[in-house]
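Notes for the one structure printed next.
Residue numbers (this note's numbering): 667 to 1246.
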């Protein structure tokens, strides 16, 4: 950004100085007038207050015609050197008691009105003397003008302003040359700063891009830590399924076949559960704080944690039953726990124990939930602890760590309203503790998806379902399943075939995969069907959680893998919603 400074024509400097001097003089006169009026008003108020006090004091004396007491009050006014004269008068205006500092200026011979006046530098005030709401007489006060020393002091500031005005004129006349030189130097400096500022903006933008890429790579690094364990686990699952299928081919005993089938179903459920955890962990999504039970959240990812560790590392958890809830982003919370588990694994090359514990703590009258991840590894020196939360600082070998794990933990805790700390003893282990504020709300309860039939919804009664699926084996499985639940499926393999079927066939519902080859995916197909047939319900399915998130705002989405009862329930619900 180019900085341009205004150019000043110094030929007008004398005129400007004279104008400023005139303005300063006018201000000085205005201040003098204001000060004088303020002084008069203040003197009137103060003298009026004294007269009021005198009137209240002599009222009883007037009521009882005690002239002696009235004279005592009046003579007491002599203690104030500014009071020149004072008097007390009866209700007819006749003097009862008078005092004068100078015989040449006595109080008035009679008085019948109250009022205030400032004339000839003197303040004159008269007030009614009343007792019990009855007027008994009047009092009179005359106060002399202020001493000359006080008046000089009041106007000294005004004179100072006038002198300053003259100095301003002199300074302006003498400094314009120096200001011209300074202005030239400032222009050169401004251009230099502008170029530096532009370069700094470019560097900041590049740094932000690099940090974003590193944060994502850190998440991918954490996912990469799972790859070996997950591949090993899936190989075990596949081996169990293949063995079960071979046994079923040669097994004729119904009870044995059922036992093997149950085992295979459990194996498939394990694989489906692990897949769901991986998809939930890996997907990109915006931060969305929710109230969660930290113990339940950690226990739900135990299998995921076990996959990231080695077989020589044992996981132990210790959570109290009354652990408070916290409000955090669940995905970020799981990423933090996984990062700490991976760090603990790397600190225990010979195996050990990973302990995750939690507790409720009141810190400085603020309740926190403290979640500690401890290992029995090599520990850290005080020097390493001091730098552990620094971005990009790592003790791991090149290619084995970005140095963003612990800073990400600290940033997560800070963004959640808490903090993180580290305790470590060399050769004994390390404990990283998250201090997260307690949430006063209860966690939302999630209802389990139905696994059997849906007795609360009307039966399909042979509803005609268009199945849009490009995978032949998946399509065959879905069609067989729908037939068992009393649907009449018709399968097509592409969006173009689906649109033709919608145009030519009587249909009650469309069940389509989202990811399909060709120019139109399942979401585009659903929108086109809605445009052509607004009355025809559409249910989508996918195994990609990142795709399902935005789509389910428009259409029902059934996540793969699903149980047969889940499919039946979702389709019945869609038919019921369309009918209603």
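Using N, Cα and C, we set each Cβ at its ideal position, and we do this for glycine too. For clarity, every value in this text was computed on a predicted model and none was experimentally measured.
Cβ neighbour criterion (16 or more within 10 Å) applied to residue i
i, result
"residue 695", "exposed"
"residue 1094", "exposed"
"residue 833", "exposed"
"residue 799", "exposed"
"residue 795", "buried"
"residue 1168", "buried"
"residue 995", "buried"
"residue 1126", "buried"
"residue 998", "buried"
"residue 901", "exposed"
"residue 1070", "Low local confidence applies: a pLDDT of 47 at residue 1070 is under 50, so the model's placement there is unreliable, and no value is given."
"residue 1137", "exposed"
"residue 1148", "buried"
"residue 867", "exposed"
"residue 773", "buried"
"residue 1238", "buried"
"residue 1106", "exposed"
"residue 1185", "exposed"
"residue 1052", "exposed"
"residue 692", "exposed"
"residue 1224", "buried"
"residue 776", "exposed"
CB contact flag (residue i, residue j, <8 Å)
i, j, result
"residue 1101", "residue 1076", "no"
"residue 810", "residue 748", "yes"
"residue 612", "residue 937", "As shown, the chain starts at 667 and ends at 1246. That puts residue 612 outside it, with no answer to give."
"residue 1004", "residue 975", "no"
"residue 784", "residue 712", "no"
"residue 1164", "residue 1178", "yes"
"residue 756", "residue 718", "no"
"residue 1204", "residue 1103", "no"
"residue 1191", "residue 1173", "no"
"residue 1045", "residue 1000", "no"
"residue 1037", "residue 1124", "no"
"residue 721", "residue 793", "yes"
"residue 1008", "residue 1074", "no"
"residue 1206", "residue 1188", "yes"
"residue 1109", "residue 958", "yes"
"residue 750", "residue 734", "no"
"residue 724", "residue 739", "yes"
"residue 990", "residue 955", "no"
Integer-rounded CB distance, given that residue j should sit under 8 Å from residue i
i, j, result
"residue 1175", "residue 1080", "About 49 Å separates the two Cβ atoms, so there is no contact after all."
"residue 1133", "residue 1141", "6 Å"
"residue 1039", "residue 1006", "4 Å"
"residue 1099", "residue 1013", "That belief does not hold up - the Cβ atoms of residue 1099 and residue 1013 are roughly 16 Å apart, past 8 Å."
"residue 805", "residue 714", "Not quite, the Cβ-Cβ distance comes to about 11 Å (not below 8 Å), so this is no contact."
"residue 1041", "residue 1020", "6 Å"
"residue 941", "residue 906", "In fact, because the Cβ distance is near 16 Å, the residues do not count as touching under 8 Å."
"residue 1088", "residue 1054", "6 Å"
"residue 1226", "residue 1246", "About 27 Å; that fails the 8 Å criterion."
"residue 917", "residue 926", "7 Å"
"residue 1157", "residue 1129", "Rounded, the Cβ-Cβ distance is 15 Å, inconsistent with contact."
Proximity test, Cβ basis, 8 Å: residue i and chain B
i, result
"residue 718", "In the structure shown, chain B cannot be found, because there is only a single protein chain."
### Length-filtered (3 minimum) beta strand (DSSP E) runs lying within the region 1081–1106
Counting only runs that start and end inside the region 1081–1106, the beta strand (DSSP E) elements of at least 3 residues fall at 1085–1091, 1095–1103.
*asked:* Closer than 8 Å is the cut-off here; do at least three beta carbon pairs connect the region 748–762 with the region 724–739?
replied: Remark: three or more beta-carbon pairs, one from each stretch, lie closer than 8 Å, so the region 748–762 and the region 724–739 are flagged as touching.
Item to complete: List in chain order: all unbroken beta strand (DSSP E) runs of 3+ residues lying wholly within the region 1170–1244.
Response: Within the region 1170–1244, the complete beta strand (DSSP E) segments of 3 residues or longer fall at 1175–1179, 1204–1208, 1223–1225, listed in chain order.
Next item on the list: Count the CB pairs spanning the region 984–994 and the region 951–965 that are closer than 8 Å, and state whether there are at least three.
Entry: Cβ pair count under 8 Å is three or more, so yes.
Can you list the beta strand (DSSP E) stretches of 3 or more residues lying completely in the region 683–756, in chain order?
The region 683–756 contains these whole beta strand (DSSP E) runs: 749–756.
If you scan the region 953–993 from start to end, which runs of the beta strand (DSSP E) of 3 or more residues do you find wholly inside it?
-> For the region 953–993, whole beta strand (DSSP E) runs of length 3 or above, ordered along the chain, are 956–958, 979–984.
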